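Just below is one structure, and these are the notes that go with it.
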Amino acid sequence: QQVTDGVLSGKIVVAAGRKAFIFDTETNKLLHTLEGHTDDINCCKFSKDGRRVVTASSDNTAKIWDTLTGRLLLTLSGHTNWVRAC
């Protein structure tokens, strides 16, 4: 998903395996690697204001990340199966 307006315009998040990556689309520079899932990520999406990213995983959790720092803010656990959508 790409942010097209606001403070984080020009950023994109992609997932591959157990990691998600935030890139600057203007410079193609990797800004942050989001690590912490123990199984594949099924979905990743920016919040409406672009300040957070949520990742949903086959490890039965969803995680919320700060897009400016790449820091993990919250792990949503307790799901009884894969989290397939954001």
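Our numbering puts the first residue of the sequence shown at 538, with every later residue one more than the last.
Cβ atoms here follow ideal geometry from the backbone N, Cα and C, with glycine treated the same way.
Computed from a prediction, not measured in an experiment: that's the story for all the values here.
(1) So what's residue 607 in DSSP terms, helix, strand or just coil?
(2) So, under 8 Å CB-CB, residue 570 and residue 555 are touching, yes? Tell me the CB distance rounded to an integer number of Å.
(3) Please classify residue 563: does DSSP put it in a helix, a strand, or coil?
(4) Just to check my reading of the structure: residue 603 and residue 610 have Cβ atoms closer than 8 Å, yes? What is that Cβ distance to the nearest angstrom?
(5) To which residues of the same chain is residue 607 closer than 8 Å at the C-beta, ignoring the five residues directly before and after it?
(6) Rounded to whole angstroms, what is the Cα-Cα separation between residue 616 and residue 583?
According to the structure shown:
(1) Looking at residue 607 - three-state DSSP - the assignment turns out to be coil, as it is neither helix nor strand.
(2) About 11 Å separates the two Cβ atoms, so there is no contact after all.
(3) Residue state, collapsed to three classes: coil.
(4) 6 Å between Cβ atoms; contact.
(5) For residue 607, where only same-chain residues beyond five positions count, the Cβ hits under 8 Å are 559, 568, 569, 570 and 571.
(6) Roughly 21 Å between the two C-alpha positions.
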